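Residue numbers (our numbering), protein chains in the order written: chain A, 1 to 362; chain B, 1001 to 1266.
A virtual CB, placed ideally from N, CA and C, is assigned to each residue, including glycine.
Computed from a prediction, not measured in an experiment: that's the story for all the values here.
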């Protein structure tokens, strides 16, 4: 796996793939191109089709239509064992009756790897996940995080060009999950394999991925780099699913911009064409000191009343009631010089026009 | 309060003792009789000795019947375990609307009265000219034991994480190899347990054996025939001998089953 002369990642292409269960479409016209060596995350709520897509790629689920190619080769007619992909499962799926060594050696044994080569490769894979001293243990003698790392070693020991991860971190507790994110990133840069990662956890998706495909109802709602998916969501669904946001319906205003009824303000033009709503992240909104004007002339200013401050550690999130009756959220760092806002404080808020992201579809 | 607790405990203990007595009553009677030195079966015995154990081991007719029973039971339990194991795999994986019906079908031999099964097997065996043959009896016994094998192996199968086999597949194993290397090891204790259980279903089965076997007696048939002509304590000795063996084997089977249940949890 450290052999850099070998071509590493493979290109994956989903072409109009669909999967129906009776009348229900688990996957519809699913079109996706994943570059060689890319870390792509399928992110979505349960039932969005992300696991179906992964299972079709692994060969556990038969597609109802379309084609899937790895490096140009159609793989839909191949059984899972012929696809040469590695996979890490949510439940780890380690063989309980085999030692750690035997688990990791399993794919090599099936590939008739000579014994000495096998021993070296297993040792190398276990070292990579820092479990070199655990080769003789049974899976039941390991902690959840260690089991997870064995599962990883087993999935990559035969140098598959594609590595699939199905909710692979969900079974771990929070601290471990965050540590594993780092390990997986290291692993990815070291292996160079194409990784398809399935999760419902947006935090995982944002930290790990080169690109995120946000899925909904069997389709890709948006596919982009993590920062663009976060900063430039195009649909209400994506805006709300990734991070926290305030969504306001808008109507076209005179002179090209849009009018936000809930805030009683207009936002001047620039890219607002066809917007049905705007998404405004809580951290993009600033509270102004009493009675003062916006520090920046272009800022959009509106008023509200603090409803509920929520202490989040390094930030405080405020719930604000608007004159229209709507509630919205904004967030600021603590200790910004001004006294913290309290319930029922009147507050003047401001945001830059370009931080309001136009939402064109639901 | 304390007094009430105490009374409750005494009552519970008494109840427990009665149930145990109820369950073990036959053995409590037969065990002393087997160590009798009397000429006839009676309770309580007037003199003590191992005379009837000796009588059993030295009579070729008894030994012959015992060996025949062991042979039949070996074949029957192999049949029940293999067919039962395959049935479980089929029933659990085959998503069909006939599943419930099939499950009931596999339980049928445990529900239909043995005498009905015996009659059916008898008629068919006569017609085919295969009555009085060990294989015929073994086949019938295999069917009788099948529901237990399906039950025991099925319970273990449902405990096994199905992603284990998927993992084996994606790592490079074909369907059979994946089953053998991922699922079967966790299933093995239950398979052994089912084998032992089936073995004893066959070993002490009388009714079907009475119908099917003519001249060649199995051990239960031999006991039955012996009882009809004379009451001597040999049967008591045999009974206790086999109760001992059965107890050991069943304990072993149960231990294996539990070890398996613990191991398949990670």
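query                                                                                                                                                                                 : result
Note down, in chain order, every chain A residue with its Cβ under 7 Å from the Cβ of residue 1161 of chain B.                                                                        : 91 and 93
Is there a C-beta anywhere in chain A that falls below 8 Å from the one on residue 1170 of chain B?                                                                                   : yes
Is there a Cβ from chain A that is less than 8 Å from the Cβ of residue 1258 of chain B?                                                                                              : no
Taking contact to mean 3 or more Cβ pairs, one atom from each stretch, closer than 8 Å, check whether the stretch 238-245 of chain A and the stretch 59-66 of chain A are in contact. : no
Taking beta-carbon pairs under 8 Å, can you tell me which members of the stretch 1181-1197 of chain B lie near chain A?                                                               : 1181, 1182, 1185 and 1186
List, in order along the chain, the chain B residues whose C-beta lies closer than 9 Å to that of residue 312 of chain A?                                                             : Within chain B, no residue comes near residue 312 of chain A; the closest Cβ sits about 36 Å away, beyond 9 Å.
In the DSSP assignment, the beta strand (DSSP E) including residue 276 of chain A goes from what residue to what residue?                                                             : Looking at the DSSP string, residue 276 of chain A is not in any beta strand (DSSP E), and its letter there is neither H nor E.
So what does residue 18 of chain A bridge to, in DSSP terms?                                                                                                                          : A/65
Is the Cβ-Cβ distance between residue 69 of chain A and residue 13 of chain A less than 8 Å?                                                                                          : yes
Which class does residue 1034 of chain B belong to by DSSP, given the choice of helix, strand or coil?                                                                                : helix
Does chain A have any CB closer than 8 Å to the CB of residue 1140 of chain B?                                                                                                        : no
Counting only beta-carbon separations shorter than 8 Å, does residue 1037 of chain B have a partner in chain A?                                                                       : no
According to the neighbour-count rule (16 or more other Cβ atoms, all chains shown, within 10 Å of its Cβ), is residue 350 of chain A buried or exposed?                              : buried
Taking the alpha carbon of residue 977 of chain B as the point to measure from, which residue in B/1250, B/1232 and B/1089 has its own alpha carbon closest?                          : No statement about residue 977 of chain B is possible, as the shown extent of chain B runs from 1001 to 1266 and does not include it.
State buried or exposed for residue 59 of chain A, treating a residue as buried only when at least 16 other CB atoms are found within 10 Å of its CB.                                 : buried
Is residue 1173 of chain B close to chain A, meaning its C-beta is less than 8 Å from at least one C-beta of that chain?                                                              : yes
Measuring CA to CA, which of A/322, A/317 and A/297 is closest to residue 303 of chain A?                                                                                             : A/322
Going straight from the alpha carbon of residue 1055 of chain B to that of residue 1020 of chain B, what length do you get?                                                           : 31 Å
For the stretch 1081-1096 of chain B and the stretch 1141-1152 of chain B, state whether three or more C-beta atom pairs, one from each stretch, are separated by less than 8 Å.      : yes
Output yes if chain A places a C-beta closer than 8 Å to the C-beta of residue 1167 of chain B; else output no.                                                                       : yes
Strictly below 8 Å CB to CB, what residues from chain A border residue 1206 of chain B?                                                                                               : None at all; the shortest Cβ gap to chain A is about 40 Å.
Straight-line CA distance for residue 147 of chain A to residue 1108 of chain B?                                                                                                      : 43 Å
Could you pull the start and end residues of the alpha helix (DSSP H) that residue 333 of chain A belongs to?                                                                         : Note, residue 333 of chain A: premise wrong, no alpha helix (DSSP H); beta strand (DSSP E) at 327-333.
Please state the DSSP three-state secondary structure of residue 23 of chain A.                                                                                                       : coil
Using a Cβ-Cβ distance under 8 Å, would residue 58 of chain A count as near chain B?                                                                                                  : yes
Which word fits residue 19 of chain A, buried or exposed, when buried means at least 16 other C-beta atoms lie within 10 angstroms of its C-beta?                                     : buried
Below 9 Å between beta carbons is the criterion; list the residues of the stretch 1228-1260 of chain B that meet it against any residue of chain A, in chain order.                   : none
Which word fits residue 364 of chain A, buried or exposed, when buried means at least 16 other C-beta atoms lie within 10 angstroms of its C-beta?                                    : Nothing in the structure corresponds to residue 364 of chain A, since chain A is present only between 1 and 362.
Report the residue ranges of all beta strand (DSSP E) runs contained in full by the stretch 77-126 of chain A; include only those spanning at least 3 residues, in chain order.       : 85-88
Apply the 10 Å Cβ neighbour rule to residue 308 of chain A and answer buried if 16 or more other Cβ atoms are within range, or exposed otherwise.                                     : exposed
Evaluate the contact criterion for the stretch 1222-1238 of chain B versus the stretch 1038-1053 of chain B: three or more CB pairs, one atom per stretch, below 8 Å.                 : yes
Within the 8 Å Cβ cut-off, does residue 1164 of chain B reach chain A?                                                                                                                : yes
From residue 1016 of chain B to residue 81 of chain A, what distance separates their C-alpha atoms?                                                                                   : 56 Å
Which word fits residue 1229 of chain B, buried or exposed, when buried means at least 16 other C-beta atoms lie within 10 angstroms of its C-beta?                                   : exposed
Tell me which residues of the stretch 96-128 of chain A have at least one Cβ-Cβ distance to chain B shorter than 7 Å, keeping chain order.                                            : 96, 97, 106, 107, 110 and 111
With a threshold of 7 Å (Cβ to nearest heavy atom), would residue 1133 of chain B be considered close to the ligand SAH?                                                              : The model on display carries no ligand, and the ligand SAH is accordingly not part of it.
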